[in-house]
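Visitor: Numbering (my numbering), first residue to last: 36 to 122.
Just so it is clear, CB atoms sit at the ideal spot from N, CA and C, and this is done for glycine as well.
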Ligand code: SF4
Ligand code: SF4
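#1: Assign residue 36 to one of two classes, buried (16 or more other C-beta atoms within 10 Å of its C-beta) or exposed (fewer than that).
#2: Find out if the Cβ-Cβ distance for the pair residue 56, residue 87 is shorter than 8 angstroms.
#3: According to DSSP, is residue 45 helix, strand or coil?
#4: Does DSSP put residue 72 in a helix, a strand or coil?
#5: Look at the alpha carbon of residue 116 and the alpha carbon of residue 63, and state the distance between them as a whole number of angstroms.
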């Protein structure tokens with residue numbers, strides 16, 4: 036099932052709390068993420084968060100743990116994988 040690119044799902048996404056999403060990547064992706072939020076989450080194919088709904092990250096390169104298994108979106112859509120930022 037395709038994960039809906041909605042604000043509701045984004046609110047539940049755990050990626051921002053994840054150790055793999057480094058502070059450097061958060062700072063780097065902030066302007067683009069703000070722009071995408073203003074334009075609308077369904078208007079873009081790339082977003083540096085909620086990676087199960089978009090492509091992998093352009094910044095996160097190392098797996099330092101993943102919180103997908105604890106995420107309500109993971110449960111809601113019956114997702115079976117994790118580390119969506121890396122694949
Ligand atoms: S997809 Fe998993 S590993 Fe990647 S940032 Fe999100 S919670 Fe962390
Ligand atoms: S399953 Fe992982 S990538 Fe998808 S919304 Fe949850 S934490 Fe983010």
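Guide: In short:
#1: Residue 36 comes out exposed.
#2: Taking 8 angstroms as the cut-off, the beta carbon of residue 56 is found no closer than this to the beta carbon of residue 87.
#3: Residue state for residue 45 is assigned as helix, using DSSP reduced to three classes.
#4: The answer is helix: DSSP assigns residue 72 an H, G or I state.
#5: Taking the straight line from one Cα to the other gives about 26 angstroms.
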